[in-house]
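Residue numbering for the sequence shown follows our numbering, starting at 276 and increasing by one per position. Working notes, beginning with the structure itself.
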Amino acid sequence: MKHIRLISALLVIISSAFSQAPSQKSFYDFKVSSIDGKAFNLNQLKGKKVLVVNTASKCGNTPQYADLEKLYEKYKSKNFIIIGFPANNFGKQEPGTNQEITEFCTKNYGVTFPMMSKISVKGEDIDPIYQWLTKKEQNGVADAEVKWNFQKFMIDENGKWIGTIAPKESPMSDTIIKWIESK
């Protein structure tokens, strides 16, 4: 009888622990704002590989906009999308308003991939999507500090965090191309 009570107590404890465990969010659980202020629900990207990039208009890496656009044009019909998140976290290299950023990207690089509203990608005011991208406790895979403008995050077709690519690495790198082309 004593063993039965002990087993019952253990089952209650185990059951309670599982019911209180936080569920992992996926990339698709977030809503952001597009650069023109409209709601953008990331669940509309289900089934696509997503490259998330924090961007800036006055950075040594800014010319990557050209390769990001080339990459997008080449693979957008193959369930791939790029999402740019302008941020002013590094060297105040994105001082513009959303409208100024849009004009800059369109005029100088012909950007057609979706750009979101300017956010913070680190610090006390970090946006929730970047909390998810950078914290293992939220994405379930790894911690990943955003080191500079144009850091890239790879998200698979199921909304799972796959990896990160250094800011200086080209969007046309073998790592990114192989990931996009993999089944």
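Cβ atoms here follow ideal geometry from the backbone N, Cα and C, with glycine treated the same way.
Taking the alpha helix (DSSP H) that residue i falls in, what are its first and last residues?
i, result
"F305", "Where F305 is concerned, there is no enclosing alpha helix (DSSP H), given that its DSSP letter is neither H nor E."
"K453", "449-456"
"I440", "Unbroken run through I440 is the beta strand (DSSP E), 436-440; no alpha helix (DSSP H)."
"T372", "Where T372 is concerned, there is no enclosing alpha helix (DSSP H), given that its DSSP letter is neither H nor E."
Reducing DSSP to helix, strand and coil, say where residue i ends up.
i, result
"A362", "strand"
"Q387", "According to the sequence shown, residue 387 is Thr rather than Gln. Coil at T387, not helix or strand."
"S309", "strand"
"W423", "coil"
"N354", "coil"
Could you check if residue i is buried or exposed, using at least 16 other CB atoms within 10 Å of its CB as the buried criterion?
i, result
"S352", "exposed"
"S301", "buried"
"E348", "exposed"
"K453", "exposed"
"I420", "Per the sequence shown, residue 420 should be read as Glu rather than Ile. Classification of E420: exposed, given that the 10 Å Cβ count is below 16."
"G398", "exposed"
"S457", "exposed"
Less than 7 Å between C-beta atoms, sequence neighbours within five positions excluded: which residues of the same chain meet that for residue i?
i, result
"V416", "W436"
"P403", "F305"
Using a Cβ-Cβ cut-off of 6 Å (strictly less than) and excluding sequence neighbours within five positions of residue i, which residues of its own chain qualify?
i, result
"K411", "A417, D418"
Any C-beta of chain B sitting closer than 9 Å to the C-beta of residue i?
i, result
"N363", "Note that chain B does not occur in the displayed structure, where there is just one protein chain."
Looking at the unbroken beta strand (DSSP E) that takes in residue i, where does it start and where does it end?
i, result
"L317", "Premise fails: L317 is in no beta strand (DSSP E) and is neither H nor E."
"N329", "324-330"
Any chance the CB of residue i is under 8 Å from a heavy atom of the ligand FMN?
i, result
"F315", "For the ligand FMN, the structure offers nothing, since it holds no ligand at all."
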